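Have a look at the structure below before the remarks.
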Amino acid sequence: MPRHFDPVLVNDRFGDAGLYVDLVFQRRVILFDLGDHARLAPRKLLRVSDIFVTHRHMDHFAGFDSLLRLLIGREKLLRIYGPPGMVEAVEHKLKAYTWNLVEGYDGNLTLRVIDVDETGLMSAAEFQGRSRFVRADCECPQYENGLLAIESDFSVRAAMLDHGIPVLGFALEERVEINILRNKVESLGLAVGPWLRALKDAVLGEAGDDAPVPVAWRDGAAGRPATLPLGLLRREILKAGPGRKIAYVVDCAFTAENQEKIVALAGNADILFIEATFLDEDFAVAAARRHLTARQAGWLGRKAGAKRLVTLHSSPRYKGQGELLADEAQRAFLNG
Numbered sequence: 118m119p120r121h122f123d124p125v126l127v128n129d130r131f132g133d134a135g136l137y138v139d140l141v142f143q144r145r146v147i148l149f150d151l152g153d154h155a156r157l158a159p160r161k162l163l164r165v166s167d168i169f170v171t172h173r174h175m176d177h178f179a180g181f182d183s184l185l186r187l188l189i190g191r192e193k194l195l196r197i198y199g200p201p202g203m204v205e206a207v208e209h210k211l212k213a214y215t216w217n218l219v220e221g222y223d224g225n226l227t228l229r230v231i232d233v234d235e236t237g238l239m240s241a242a243e244f245q246g247r248s249r250f251v252r253a254d255c256e257c258p259q260y261e262n263g264l265l266a267i268e269s270d271f272s273v274r275a276a277m278l279d280h281g282i283p284v285l286g287f288a289l290e291e292r293v294e295i296n297i298l299r300n301k302v303e304s305l306g307l308a309v310g311p312w313l314r315a316l317k318d319a320v321l322g323e324a325g326d327d328a329p330v331p332v333a334w335r336d337g338a339a340g341r342p343a344t345l346p347l348g349l350l351r352r353e354i355l356k357a358g359p360g361r362k363i364a365y366v367v368d369c370a371f372t373a374e375n376q377e378k379i380v381a382l383a384g385n386a387d388i389l390f391i392e393a394t395f396l397d398e399d400f401a402v403a404a405a406r407r408h409l410t411a412r413q414a415g416w417l418g419r420k421a422g423a424k425r426l427v428t429l430h431s432s433p434r435y436k437g438q439g440e441l442l443a444d445e446a447q448r449a450f451l452n453g
């Protein structure tokens, strides 16, 4: 995938599950799961704007406290999405600390927490540093057709899976892929800069060809127009195509209902990130613990029509044998 949509696993296959998605062009990051994130530098964590938590087992949520410690005193809005009880969980974590000095900090950290119940209803609350993180319930758009978040150029969809508890699987999808042809920008005498973000927004907003787009010139604007029509810029410096998609699925049983939901969620994904917790020879253990085997993960990826499969979240019993899990998953993915 191009650099402006860059997903990277937070840990190796035996570490806590987590996916760091760098939306480079927007200078922000989406994080899937919040377990151990010690491998991520603070500068990377400071760019996180949205976190999508599959469930609250410790290896998927224990990183909340260290991230909170990093963000305290900063002017920032952080959105956290999760399964039933997410709002209450964050509220209890915040109540565990004493906040008598926090309202005097320069920045006002705001946590907006949204949870989704089994029926698809969403509820939300905000916690602000200036208010000593006292819970304030607020309205939020409702969960329709699995859509948790919709922005101008991407959406995040969720599916409720069974792990003995409700667990969310996620898919991040671009509405359309827009590539800026840098050589064409320069050949027109235009500068590469922030104005290109406005250009992309105009395209995503389906503005007409006559819509004026403010531009920046490499050698200054003297004697040159301050805007150019969207149609001209679309023809000369843009290349658009179908948006890309990644899916993230961990901690779920290989039940018929889960299979159907995962295949639908990950349908035609460019990359499916999926747990391969056990080897298939240990399928009875996997079933008892409501996890996937590597073969099952590969089969699901093939069934979904994913272009690429990346496995993670493997049992520590296989340390030193990670290639066996990866090979088993890939064989099922490629050959059925």
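Take any residue in the sequence shown, note its place counting from 1, add 117, and you have its number in my numbering. Cβ atoms here follow ideal geometry from the backbone N, Cα and C, with glycine treated the same way. Note that the structure is a prediction, hence the values are computed from the model and not measured.
Once the 5 residues before and after residue i are set aside, which same chain residues still bring their CB inside 7 angstroms of it?
i: residue 302; result: 309 and 354
i: residue 120; result: Residue placement at residue 120 cannot be trusted, given a pLDDT of 48 that sits under 50; what the coordinates show is reported in the next sentence. Answer for residue 120: 141, listed in chain order.
i: residue 252; result: 208, 242 and 244
i: residue 340; result: none
Could you tell me which residues DSSP puts in a beta bridge with residue i?
i: residue 194; result: 227
i: residue 410; result: 395
i: residue 286; result: 276
i: residue 240; result: 232
i: residue 122; result: Beta-bridge pairing links residue 122 to no other residue.
i: residue 433; result: According to DSSP, residue 433 bridges with nothing at all.
i: residue 334; result: 307
i: residue 139; result: 123 and 146
i: residue 293; result: 359
i: residue 255; result: 241
i: residue 446; result: Per DSSP, none; premise fails for residue 446.
i: residue 427; result: 390
i: residue 401; result: Paired residue(s): none; residue 401 is not in a bridge.
Measuring CB to CB, does residue i end up less than 7 angstroms from residue j?
i: residue 426; j: residue 382; result: no
i: residue 418; j: residue 395; result: no
i: residue 361; j: residue 268; result: no
i: residue 273; j: residue 171; result: no
i: residue 436; j: residue 131; result: yes
i: residue 230; j: residue 197; result: yes
i: residue 332; j: residue 313; result: no
i: residue 224; j: residue 191; result: yes
i: residue 375; j: residue 254; result: no
i: residue 366; j: residue 286; result: yes
i: residue 307; j: residue 328; result: no
i: residue 281; j: residue 407; result: yes
i: residue 431; j: residue 401; result: no
So residue i packs on residue j, CB below 8 angstroms; how close in whole Å?
i: residue 149; j: residue 135; result: 7 angstroms
i: residue 289; j: residue 363; result: 5 angstroms
i: residue 157; j: residue 127; result: 6 angstroms
i: residue 368; j: residue 174; result: 7 angstroms
i: residue 162; j: residue 185; result: That belief does not hold up - the Cβ atoms of residue 162 and residue 185 are roughly 11 angstroms apart, past 8 angstroms.
i: residue 305; j: residue 330; result: Not confirmed; about 13 angstroms, so no contact.
i: residue 315; j: residue 167; result: Contact doesn't hold; Cβ gap of about 22 angstroms is too wide.
Take residue i and list the residues in its own chain whose beta-carbon comes closer than 8 angstroms to its own, dropping the five residues that flank it on each side.
i: residue 227; result: 193, 194, 195, 243, 244, 245 and 246
i: residue 249; result: 216, 217, 219 and 220
i: residue 321; result: 269, 270, 292, 293 and 295
Grab me the residues of residue i's own chain with a C-beta within less than 6 angstroms of its C-beta, minus the 5 sequence neighbours each way, in chain order.
i: residue 403; result: 395 and 410
i: residue 424; result: 387
i: residue 165; result: 146 and 148
i: residue 439; result: 130
i: residue 260; result: 233, 237 and 239
i: residue 357; result: 293 and 295
> Which full runs of the beta strand (DSSP E) of 3+ residues lie inside the region 359-385, going along the chain?
Replying inline: 362-366
Whole runs of the alpha helix (DSSP H) within the region 159-223, excluding any shorter than 4 residues: Complete alpha helix (DSSP H) runs here, min 4: 159-162, 175-178, 181-188 and 203-212.
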